[in-house]
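Counting along the sequence shown from 1, when you hit position 117 you're at 237 in the numbering used here, and nothing is skipped either side.
Backbone N, C-alpha and C fix where the C-beta goes; we use that ideal spot for every residue, glycine too.
Note that this is a predicted model, so its numbers are computed, not measured.
So the structure is just underneath, and the comments pick up after that.
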Amino acid sequence: MNKDPLHTTPGLHTVEDDAVGVGGLLRQLMREVPDLFTKELALAKAELQQNLATLKAGTAAVAAGAIVMLAGFVILLLAAVYALAMVVEPWLAALIVGAVTLVIGFIMLQSGKKRFEPTHLAPDRTLHAMQQDKDTLKRKLP
């Protein structure tokens, strides 16, 4: 019988052809699975690098918020100085400005802190692709 897959008659397969076909498919699977995992790891690496950039941006936002809060603390200290130096209204204005600055700094810190949540750092696309690969292998293999 002719074993050339290009010159076989459609619909006429022997048991021997099926065994070679299954063996060939298994060999192909053994060759392609490592490549697949290599590509999945490359995707994971790319996603983690992207998430690292997000982490850096979050760190910068937290640092900026801390600086603004420090400025607010300095202004509150100035307000205390005004309060002790003269018992009039200028200290009250400085106190209000300091409190507003602290609130703004707190808001900035909270928004930066949200970027550190694990949901923002997980390699979602890689995990999804690996789950699809797992499901495909489950369907294809007996």
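DSSP places F226 in the uninterrupted alpha helix (DSSP H) bounded by 210–234.
Judged by DSSP in its simplified three-state form, P243 adopts coil rather than helix or strand.
In this structure, the beta-carbon distance from V182 to L222 does not fall below 8 Å. Comparing alpha-carbon positions, the option among R259, K233, E160 lying closest to R245 turns out to be E160. A Cβ-Cβ distance of about 21 Å is found for the pair A184 and L198, leaving them out of contact under the 8 Å criterion.
An exposed status is given to V142, since fewer than 16 other beta-carbon atoms sit within 10 Å of its beta-carbon.
Separation of V194 and E237 (C-alpha to C-alpha, rounded to the nearest whole angstrom) is 30 Å. In the three-state scheme derived from DSSP, where H, G and I count as helix and E and B as strand, L163 is classed as helix. In this structure, G192 places its C-beta atom within 8 Å of the C-beta atom of G218.
Around the beta carbon of V220, fewer than 16 other beta carbons lie within 10 angstroms, which makes this residue exposed.
Ranking Y202, N171, M250 by CA distance to the CA of A242 puts N171 first. Annotated three-state conformation of E237 is coil, per DSSP.
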